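Chemist: Everything in the sequence shown is counted per this note's numbering, starting at 107 for the first residue and increasing by one.
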Amino acid sequence: MYDALLNFLSSTGFVGLTDYRIFVMIAIACVLLYLAIVKGFEPLLLVPIAFGVLLTNLPFANMMHPPAVEVTPYSEEAPEKAPFGATLVPVDQEGAPTKVPVGQEETATEYVVHTEKPGGIIGYLYKVLKTGLLPALIFMGVGAMTDFGPLIANPKSLLLGAAAQFGIFLTFIGAVASGLFNAQEAASVAIIGGADGPTTIFLTSQLAPHLLGATAIAAYSYMALVPIIQPPIMKLLTTEKERTIKMTQLRTVTKREKILFPIIVTIIVVLIVPAAAPLVGMLMLGNLFRECGVVARLEDTAKNALINIVTIFLGITVGATATADKFLTTQTLAILGLGIVAFGFGTAAGVLLAKLMNKLSSTPINPLIGSAGVSAVPMAARVSQTVGSKYDPTNFLLMHAMGPNVAGVIGSAVAAGFLLVQFGN
Numbered sequence: 107m108y109d110a111l112l113n114f115l116s117s118t119g120f121v122g123l124t125d126y127r128i129f130v131m132i133a134i135a136c137v138l139l140y141l142a143i144v145k146g147f148e149p150l151l152l153v154p155i156a157f158g159v160l161l162t163n164l165p166f167a168n169m170m171h172p173p174a175v176e177v178t179p180y181s182e183e184a185p186e187k188a189p190f191g192a193t194l195v196p197v198d199q200e201g202a203p204t205k206v207p208v209g210q211e212e213t214a215t216e217y218v219v220h221t222e223k224p225g226g227i228i229g230y231l232y233k234v235l236k237t238g239l240l241p242a243l244i245f246m247g248v249g250a251m252t253d254f255g256p257l258i259a260n261p262k263s264l265l266l267g268a269a270a271q272f273g274i275f276l277t278f279i280g281a282v283a284s285g286l287f288n289a290q291e292a293a294s295v296a297i298i299g300g301a302d303g304p305t306t307i308f309l310t311s312q313l314a315p316h317l318l319g320a321t322a323i324a325a326y327s328y329m330a331l332v333p334i335i336q337p338p339i340m341k342l343l344t345t346e347k348e349r350t351i352k353m354t355q356l357r358t359v360t361k362r363e364k365i366l367f368p369i370i371v372t373i374i375v376v377l378i379v380p381a382a383a384p385l386v387g388m389l390m391l392g393n394l395f396r397e398c399g400v401v402a403r404l405e406d407t408a409k410n411a412l413i414n415i416v417t418i419f420l421g422i423t424v425g426a427t428a429t430a431d432k433f434l435t436t437q438t439l440a441i442l443g444l445g446i447v448a449f450g451f452g453t454a455a456g457v458l459l460a461k462l463m464n465k466l467s468s469t470p471i472n473p474l475i476g477s478a479g480v481s482a483v484p485m486a487a488r489v490s491q492t493v494g495s496k497y498d499p500t501n502f503l504l505m506h507a508m509g510p511n512v513a514g515v516i517g518s519a520v521a522a523g524f525l526l527v528q529f530g531n
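(1) Within a Cβ cutoff of 8 Å, which residues of the same chain sit near residue 153, ignoring the five residues on either side of it in sequence?
(2) Closest to residue 468 by CA distance: which of 245, 165 and 262 is it?
(3) Verify whether the separation of the beta carbon atoms of residue 387 and residue 372 is less than 8 Å.
(4) Quick check for students: name the residue ranges of the alpha helix (DSSP H) that lie wholly in the region 363 to 401, counting only runs of 4 or more.
(5) Exposed or buried, what is residue 291 when buried is set at 16 or more other beta-carbons lying within 10 Å of its beta-carbon?
(6) Count the other CB atoms within 10 Å of the CB of residue 117; is the residue buried (16 or more) or exposed (fewer)?
(7) Does the separation of the CB atoms of residue 375 and residue 381 fall below 8 Å?
(8) What first and last residue would you give for the alpha helix (DSSP H) that runs through residue 461?
(9) To the nearest angstrom, how far is it from the Cα of residue 208 to the Cα of residue 113?
(10) Which class does residue 147 belong to by DSSP, given the choice of helix, strand or coil?
(11) Grouping DSSP H, G and I as helix and E and B as strand, with all else coil, what is residue 288?
(12) Compute the beta-carbon to beta-carbon distance between residue 155 and residue 424, rounded to the nearest angstrom, for a pair I have assumed lies under 8 Å.
(13) Assuming residue 530 and residue 427 form a contact by the criterion Cβ under 8 Å, report the distance between their Cβ atoms to the nearest whole angstrom.
(14) Using the Cβ count rule (16 or more neighbours within 10 Å means buried), how would you classify residue 364?
(15) Between residue 158 and residue 462, what straight-line distance do the alpha-carbon atoms span, to the nearest angstrom?
(16) With a 10 Å radius around its C-beta and 16 neighbouring C-beta atoms as the bar for buried, classify residue 528 as buried or exposed.
(17) What residue range does the alpha helix (DSSP H) around residue 259 cover?
(18) Going by C-alpha distance, which of 355, 498, 503 and 465 is nearest residue 477?
(19) Who are the near neighbours of residue 135 in its chain, counting only those whose CB is closer than 6 Å to its CB and skipping five residues on each side?
(20) How about residue 464: is its Cβ closer than 7 Å to a heavy atom in the ligand COA?
(21) Quick check: the Cα distance between residue 332 and residue 165, rounded to an integer number of angstroms?
(22) So residue 324 and residue 480 are supposed to be a Cβ contact under 8 Å. How far apart are they, rounded?
(23) For residue 489 and residue 336, what's the separation of their Cα atoms in angstroms?
(24) Excluding the five sequence neighbours on either side, which residues of its own chain have a C-beta within less than 7 Å of the C-beta of residue 359, listed in chain order?
(25) Can you round the beta-carbon distance between residue 474 and residue 362 to whole angstroms, since I take them to be within the 8 Å contact cut?
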């Protein structure tokens, strides 16, 4: 009885609470849960991410434990079959697996037994995440929920979405210059400036998977803080007169234009940056579901059931990558700092280009809509409306800001594709 009790106690997670970093990560998970549940900061993603952080750092839970293969000797000659649940693999004299021609298996005299050991359930989800599938499916759902009409009605707003990506490339240079990151890691950090969580996850999973937890948490945290981060930058770079500029009403966009838009954008963007196809292609497919009017069931699935299921898997898996040894590093602090720099420069670049366009354009452009060029849809557009309405309650900028806002989604996906081509293996 005593031995049984001792064995049970030695198998509990309490025995593994020997590293102070475990307590730090548990505290971080609880803080993230507080921000999501109590403060309402991006709860749909911060709740599963925070719980993933909690699960992966509890001792002996092994939620992220990868599947493994146990290799043991097997000396019988020409065995007829492997032991149950195992595979016999012929090896050479040095023990390395070797190929035996089909029909000549009996000529192989040395074997080893490969027995598969199952991994943790999140470990299997992580294998899926590394393929880039989950962020692409998120983009399909976003496309099904997004109206590209404001962008079609005012194509010039595409420039504002492109300008907001300036923060990505400036931060990339800074990250490399810091000496803390190589090119692949710097690209994964810089993409945070696009204020697009799925894009950050997609690129980081391809270039620097070990930074996935830190970059994803930074990206979604800054997305949630858009109403706090952006207004001071917007006010600093604009005058009160510019903030009260009223823009002319957008023209009505036809159904034909809305149907052709995702098809044309897919062709052009994928021909220019083929590596952006997974994100841009899925985004435009979801939008085509929305606009074509003949696949209501697919549209409903993409923007409801599918995106909700994928969000759960994506969030908990990303959170589970934030183990203490990978998260509590100097790099993580640098990622948090560089991420907000990238976001700030992206916001500033959009506002400054909008100011320039206003001076060159025959129709008035309120510079506040330039801040919506980051792809935090529709939060960044709402911030433009909120700041503008404080100076003139009759000024309605929301639909005008939605143009650069959805353009920012496309822009961040293109930027991710470009970085993947330049620094991918």
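Every residue gets a Cβ at the ideal spot worked out from N, C-alpha and C, and that includes glycine.
Predicted, not measured: the structure shown is a model, and the values here were computed from it.
Modeler: Let me spell this out:
(1) Taking the first residue of the sequence shown as 1, we reach residue 153 at position 47. Answer for residue 153: 139, 142, 143 and 421, listed in chain order.
(2) Translated into the one-based positions of the sequence shown, residue 468 becomes position 362. With distances taken between Cα atoms, residue 468 lies closest to 262.
(3) Counting from one through the sequence shown, the residue named residue 387 turns up at place 281. Counting from one through the sequence shown, the residue named residue 372 turns up at place 266. Yes. Within cutoff.
(4) 388 to 398
(5) The residue you call residue 291 lines up with position 185 of the sequence shown. Buried, by the Cβ-count rule.
(6) Along the sequence shown, read from residue 1 onward, the residue named residue 117 stands at position 11. Classification of residue 117: exposed, given that the 10 Å Cβ count is below 16.
(7) Taking the sequence shown and counting its residues from 1, the one referred to as residue 375 is at position 269. Taking the sequence shown and counting its residues from 1, the one referred to as residue 381 is at position 275. No, the Cβ-Cβ distance between residue 375 and residue 381 is not below 8 Å.
(8) Your numbering for residue 461 matches position 355 in the sequence shown. Residues 436 to 466.
(9) Locating residue 208 in the sequence shown gives position 102, where the first residue counts as 1. Locating residue 113 in the sequence shown gives position 7, where the first residue counts as 1. Below a pLDDT of 50, predicted positions are generally treated as unreliable, and residue 208, at 47, falls in that range; the measurement from the model is reported next regardless. Using only the alpha carbons, I get a separation of about 48 Å.
(10) Here the question's residue 147 lines up with position 41 in the sequence shown. DSSP places residue 147 in coil when its eight states are reduced to three.
(11) Mapped onto the sequence shown, residue 288 falls at position 182. Residue 288 falls in the coil class under three-state DSSP.
(12) Residue numbering aside, residue 155 sits at position 49 when the sequence shown is read from its first letter. Residue numbering aside, residue 424 sits at position 318 when the sequence shown is read from its first letter. Contact flag correct, Cβ pair sits at about 6 Å.
(13) Start at 1 with the first residue of the sequence shown, and residue 530 comes out as number 424. Start at 1 with the first residue of the sequence shown, and residue 427 comes out as number 321. Actually they do not touch by this definition, with Cβ atoms about 19 Å apart.
(14) Taking the first residue of the sequence shown as position 1, residue 364 is located at position 258. It is buried - the Cβ of residue 364 has at least 16 other Cβ atoms within 10 Å.
(15) In the sequence shown, counting from the first residue as 1, residue 158 sits at position 52. In the sequence shown, counting from the first residue as 1, residue 462 sits at position 356. Whole-angstrom Cα-Cα distance: 45 Å.
(16) Translated into positions along the sequence shown, residue 528 becomes position 422. Exposed, because fewer than 16 other Cβ atoms sit within 10 Å of the Cβ of residue 528.
(17) Counted from its first residue, the sequence shown places residue 259 at position 153. Run containing residue 259: 255 to 259, per the alpha helix (DSSP H) assignment.
(18) Numbered from 1 along the sequence shown, position 371 holds the residue referred to as residue 477. Answer by Cα proximity: 503.
(19) Locating residue 135 in the sequence shown gives position 29, counting from the first residue. Closer than 6 Å at the Cβ level, and outside the excluded window around residue 135, lie 156, 159 and 160.
(20) Absence of the ligand COA from the depicted structure is noted, as is the absence of any ligand whatsoever, leaving it without description.
(21) Locating residue 332 in the sequence shown gives position 226, counting from the first residue. Locating residue 165 in the sequence shown gives position 59, counting from the first residue. Using only the alpha carbons, I get a separation of about 35 Å.
(22) One-based indexing of the sequence shown puts residue 324 at position 218. One-based indexing of the sequence shown puts residue 480 at position 374. About 14 Å; that fails the 8 Å criterion.
(23) Sequence index remark: in the sequence shown, residue 489 carries index 383 (1-based). Sequence index remark: in the sequence shown, residue 336 carries index 230 (1-based). Their Cα atoms are separated by approximately 8 Å.
(24) Position 253 of the sequence shown, counted from the start, is the residue given in the question as residue 359. Only 255, 258 and 259 meet the Cβ criterion.
(25) For the purposes of this step, residue 474 is taken as residue 368 along the sequence shown, with counting starting at 1. For the purposes of this step, residue 362 is taken as residue 256 along the sequence shown, with counting starting at 1. So it is not a contact: roughly 31 Å between Cβ atoms.
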